[in-house]
Amino acid sequence: MEESFSKEFCEFLEYHLTNTFAHNPDARIKGLWCDGVLPPVIDSHLTKKHVNDTRRIVTTAFIGYYETQRYGLSILLGRYSLRRYSRGHSLQDCVPDETASDWYTLDIDNRRLEIRLL
Numbered sequence: 076m077e078e079s080f081s082k083e084f085c086e087f088l089e090y091h092l093t094n095t096f097a098h099n100p101d102a103r104i105k106g107l108w109c110d111g112v113l114p115p116v117i118d119s120h121l122t123k124k125h126v127n128d129t130r131r132i133v134t135t136a137f138i139g140y141y142e143t144q145r146y147g148l149s150i151l152l153g154r155y156s157l158r159r160y161s162r163g164h165s166l167q168d169c170v171p172d173e174t175a176s177d178w179y180t181l182d183i184d185n186r187r188l189e190i191r192l193l
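Residue numbers for the sequence shown follow this note's numbering, beginning at 76 and rising by one.
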């Protein structure tokens, strides 16, 4: 069975976040880029039970201007993405359009990023 939080999904999210930041009107965000998304440090945090119970995946992303910094990344799963995750399907269709900015919250000062999947 295919895993939802795969290397391919992490790479997709990396590029999608970079393109999303480029569409943001805020100059501090517009110049940012993402240089990678890692899986959670604790493997059990990717189990279907854990994700279903918490409705989130907590992991790390590397974000910056010229040099990247480690950001805490919380991926909140909505009804559609939670169903796809439980079935082992790709989450790429659950990531909102890159031209929208209402699906993520970026705290540059505290290096935290929260994204909300559909």
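By construction, the Cβ of each residue, glycine as well, lies at the ideal position given by its N, Cα and C atoms. None of these values were measured; they are calculated from a predicted model.
Quiz item: Secondary structure at F80, three-state DSSP: helix, strand or coil?
Solution: As a working note, residue 80 is residue 5 in the sequence shown. If DSSP states are grouped into helix, strand and coil, F80 belongs with coil.
Self-check item: Residue from Y155, K123, L166, T93 with nearest C-alpha to G111
Solution: Position 36 of the sequence shown, counted from the start, is the residue given in the question as residue 111. Of the residues Y155, K123, L166, T93, the one whose Cα lies closest to the Cα of G111 is T93.
Exercise. Give the DSSP-derived three-state secondary structure of V88 in the structure shown.
Key: Taking the sequence shown and counting its residues from 1, one reaches residue 88 at position 13. According to the sequence shown, residue 88 is Leu rather than Val. L88: helix per DSSP, three-state reduction.
Quiz item: A102: buried (16+ other C-beta within 10 angstroms of its C-beta) or exposed?
Solution: Translated into the one-based positions of the sequence shown, residue 102 becomes position 27. Counting the other CB atoms within 10 Å of its CB gives A102 a total below 16, which places it among the exposed residues.
Self-check item: Terminal residues of the alpha helix (DSSP H) in which T143 lies
Solution: Looking up residue 143 in the sequence shown gives position 68. Note, T143: premise wrong, no alpha helix (DSSP H); beta strand (DSSP E) at 143 to 151.
Quiz item: Based on the DSSP secondary-structure assignment, which residues constitute the bridge partners of F96?
Solution: Locating residue 96 in the sequence shown gives position 21, counting from the first residue. Note: F96 sits in no beta bridge, so no partner.
Exercise. Using three-state DSSP, classify I117 as helix, strand or coil.
Key: Walking along the sequence shown from the start, residue 117 turns up at place 42. Of the three classes helix, strand and coil, the one that applies to I117 here is coil, per DSSP.
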